[in-house]
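Just below is one structure, and these are the notes that go with it.
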Ligand code: H2U
Ligand code: ZN
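Numbering (the working numbering), first residue to last: 145 to 489.
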């Protein structure tokens with residue numbers, strides 16, 4: 145039976161073990177704010193002053209090679225560095241607790257072309273990006289506990305340059321969010337002898353209400369507990385712990401489903417859809433990680449047009465996340481978007 149949600153309720157996120165407030169009745173409230181379509185400026189294939197384009201000088205003083213496909217370099221302004229620093233002086237009182245950290249930060253240029261986004265690259269090119277990300281994860285995982293692959297897309301998300309790129313930050317510590325996911329997945333695995341997200345994917349496939357796209361190996365859903373209006377979760381339908389664990393075929397089917405999702409995202413408000421996205425896989429190091437299932441989170445901020453975003457303010461900052469449009473409505477809107485990019489129509 146399909147459940148209809150039209151009154152206020154809370155939903156539980158089993159990955160973070162946090163609740164979110166859903167208020168579907170509010171979608172009827174009047175909106176007096178702006179709702180303008182954005183004018184898109186045409187971008188060149190090559191931009192002489194772009195620090196990510198092939199052959200150009202970066203802000204850090206180094207010159208990019210004349211790269212022809214996906215290219216990775218060490219971030220010139222890294223948030224984490226390799227040299228361990230031991231704090232000097234006597235130990236501080238407990239309120240001033242801290243720890244030193246080490247790590248490495250890299251930038252990945254998805255394409256030499258300045259005018260593309262992942263949504264407009266073809267699945268073959270996207271599969272190369274996935275392969276490079278898997279290789280980077282594997283290499284850095286030999287040295288670090290956690291490798292975070294992510295992409296900030298769009299000015300609204302603080303992205304500094306429209307040239308298609310992502311980032312890789314590796315650290316000797318397990319950061320807060322993956323640490324929570326590690327604990328919750330471990331707990332579930334001990335209770336059910338099966339990975340939480342694999343069971344969840346199965347349930348979503350049966351229910352179908354939140355499925356945006358699916359192929360043989362992959363599933364894209366607006367999770368039941370989504371906070372951002374059009375948030376999605378990309379999950380393999382077979383057990384996979386980390387990006388390097390994917391076969392060539394699975395990387396290719398992933399490229400296909402990402403292309404589908406990203407085209408739908410762009411078509412939704414006829415704009416290059418902004419988001420922060422990233423991959424979560426099992427941490428590296430000693431231990432049994434059978435409880436882990438690889439997945440990607442897409443967190444897009446837009447709510448009702450190319451310019452109107454959801455603000456995580458007031459109640460969200462002080463109480464808990466809240467949304468109006470239900471995850472089921474969001475999934476429906478995404479699912480009904482054409483498979484062909486609006487630029488090609
Ligand atoms: P964002 O657009 O997601 O902020 O990523 C750009 C990254 O690129 C950012 O971390 C790095 C910045 O430090 N960068 C370089 O390493 N070299 C440059 O010449 C400019 C930007
Ligand atoms: Zn460029």
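For glycine and all other residues, C-beta sits at the position ideal for the given N, C-alpha and C.
Owing to the predicted nature of the structure, the values given are computational and were not obtained by experimental measurement.
Practice task
Reducing DSSP to helix, strand and coil, say where residue 244 ends up.
Solution key: On the chain shown, residue 244 is found 100 positions in, with the first residue counted as 1. If DSSP states are grouped into helix, strand and coil, residue 244 belongs with coil.
Exercise for the section: Would you be able to state if there are at least three C-beta pairs under 8 Å between the segment 435-448 and the segment 365-377? Expected result: yes
Problem - Per DSSP, the bridge partner or partners of residue 362 - result: For this step, residue 362 is matched to residue 218 along the chain shown. Residue 362 pairs with 380.
Handout entry: Contacting residues, own chain, Cβ-Cβ under 6 Å from residue 218 (five flanking each side not counted)
Key = Stepping through the chain shown from its first residue, residue 218 is reached at position 74. Counting only Cβ-Cβ distances below 6 Å, and skipping sequence neighbours, we find 250.
Practice task
Please go through the same chain and pick out, in chain order, the residues whose beta-carbon is closer than 7 Å to the beta-carbon of residue 413, but skip the five residues on each side of it.
Solution key: Translated into positions along the chain shown, residue 413 becomes position 269. Once the five neighbours on either side are set aside, the close Cβ partners of residue 413 are 446, 449, 450.
Practice task
Would you check whether the ligand H2U has a heavy atom nearer than 6 Å to the C-beta of residue 194?
Solution key: Counting from 1 along the chain shown, the entry for residue 194 is found at position 50. No, the beta carbon of residue 194 sits no closer than 6 Å to any heavy atom of the ligand H2U.
Practice task
Tell me whether residue 163 is buried or exposed, calling it buried when 16 or more other Cβ atoms sit within 10 Å of its Cβ.
Solution key: Along the chain shown, one-based indexing puts residue 163 at 19. By the neighbour-count rule (16 or more Cβ atoms within 10 Å), residue 163 is not buried but exposed.
Exercise for the section: State the beta-bridge partners of residue 466 as determined by DSSP. Expected result: Here residue 466 is taken as the residue at index 322 of the chain shown, counted from 1. Bridge partners of residue 466: 165.
Practice task
Could you pull out every unbroken beta strand (DSSP E) segment of at least 3 residues lying fully inside the segment 288-325, listed in chain order?
Solution key: 290-297, 309-315
Handout entry: Alpha-carbon to alpha-carbon, residue 436 and residue 396
Key = Taking the chain shown and counting its residues from 1, one reaches residue 396 at position 252. Taking the chain shown and counting its residues from 1, one reaches residue 436 at position 292. Using only the alpha carbons, I get a separation of about 22 Å.
Handout entry: Rounded C-alpha distance that separates residue 291 from residue 313
Key = For the purposes of this step, residue 291 is taken as the residue at position 147 of the chain shown. For the purposes of this step, residue 313 is taken as the residue at position 169 of the chain shown. Near 6 Å, if we compare the C-alpha coordinates of residue 313 and residue 291.
Exercise for the section: Just mark residue 215 as buried or exposed, buried being the case when its beta carbon has 16 or more other beta carbons within 10 Å. Expected result: The residue given as residue 215 occupies position 71 in the chain shown. Classification for residue 215: buried.
Exercise for the section: Just the C-alpha distance for residue 468 and residue 230, rounded to the nearest angstrom, thanks. Expected result: Translated into positions along the chain shown, residue 468 becomes position 324. Translated into positions along the chain shown, residue 230 becomes position 86. Distance between the alpha carbons of residue 468 and residue 230: 47 Å.
Practice task
Give me the Cα-Cα distance between residue 156 and residue 206, rounded to the nearest whole angstrom.
Solution key: Residue 156 sits at position 12 when you count from the first residue of the chain shown. Residue 206 sits at position 62 when you count from the first residue of the chain shown. Rounded to the nearest angstrom, the two C-alpha atoms are 47 Å apart.
Exercise for the section: Give the straight-line distance between the Cα atoms of residue 187 and residue 364, rounded to the nearest whole angstrom. Expected result: Counting from 1 along the chain shown, the entry for residue 187 is found at position 43. Counting from 1 along the chain shown, the entry for residue 364 is found at position 220. Each residue's Cα considered, the two are about 30 Å apart.
Handout entry: In chain order, each beta strand (DSSP E) run of at least 3 residues that lies wholly inside the segment 385-465
Key = 419-424, 439-443
Practice task
Collect the residues with a C-beta less than 6 Å away from any heavy atom of the ligand ATP and give them in sequence order along the chain.
Solution key: In the structure shown, the ligand ATP is absent; the only ligands present are the ligand H2U and the ligand ZN.
Practice task
Please classify residue 252: does DSSP put it in a helix, a strand, or coil?
Solution key: Numbered from 1 along the chain shown, position 108 holds the residue referred to as residue 252. Looking at residue 252 - three-state DSSP - the assignment turns out to be strand.
Handout entry: Own chain residues within Cβ distance below 7 Å of residue 228, not counting five before or after
Key = As a working note, residue 228 is residue 84 in the chain shown. The answer, listed in chain order, is 244, 246.
Problem - Among 252, 417, 248, nearest to residue 486 - alpha-carbon criterion - result: Here residue 486 refers to the residue found at position 342 when the chain shown is read from its first residue. The option with the nearest alpha carbon to residue 486 is 417.
Handout entry: CB-CB length for residue 256 against residue 427, believed under 8 Å
Key = One-based indexing of the chain shown puts residue 256 at position 112. One-based indexing of the chain shown puts residue 427 at position 283. The Cβ separation is near 33 Å, so there is no contact.
Practice task
Select from 353, 402, 259, 166 the residue whose C-alpha is nearest the C-alpha of residue 361.
Solution key: The residue you call residue 361 lines up with position 217 of the chain shown. Closest by alpha carbon: 402.
Problem - Beta bridge counterpart(s) of residue 216 as assigned by DSSP - result: On the chain shown, residue 216 is found 72 positions in, with the first residue counted as 1. In DSSP, residue 216 forms a bridge with 252.
Exercise for the section: Rank 330, 341, 284, 325 by C-alpha distance to the C-alpha of residue 316 and give the top, closest one. Expected result: Against the chain shown, residue 316 aligns to sequence position 172. The option with the nearest alpha carbon to residue 316 is 284.
Exercise for the section: Name the two residues that bound the continuous alpha helix (DSSP H) containing residue 515. Expected result: Residue 515 falls outside the range modelled here, since the chain spans only 145 to 489, and no answer is possible.
Problem - Rounded straight-line distance, which links the Cα of residue 300 to that of residue 452 - result: On the chain shown, position 308 is the one that residue 452 refers to. On the chain shown, position 156 is the one that residue 300 refers to. Each residue's Cα considered, the two are about 10 Å apart.
Practice task
From the DSSP output, in three-state form, read off residue 153 for me.
Solution key: As a first step, residue 153 must be located in the chain shown, where it is residue number 9. It is a strand residue.
Practice task
Provide the residue(s) that pair with residue 207 in DSSP beta bridges, ordered along the chain.
Solution key: The residue you call residue 207 lines up with position 63 of the chain shown. Paired residue(s): 201.
Handout entry: residue 349 versus residue 342 - alpha carbon distance
Key = On the chain shown, position 205 is the one that residue 349 refers to. On the chain shown, position 198 is the one that residue 342 refers to. Distance between the alpha carbons of residue 349 and residue 342: 11 Å.
Handout entry: Within 7 Å, strictly: CB atoms of residue 425 and residue 462
Key = Locating residue 425 in the chain shown gives position 281, where the first residue counts as 1. Locating residue 462 in the chain shown gives position 318, where the first residue counts as 1. Result no, Cβ atoms of residue 425 and residue 462 do not sit closer than 7 Å.
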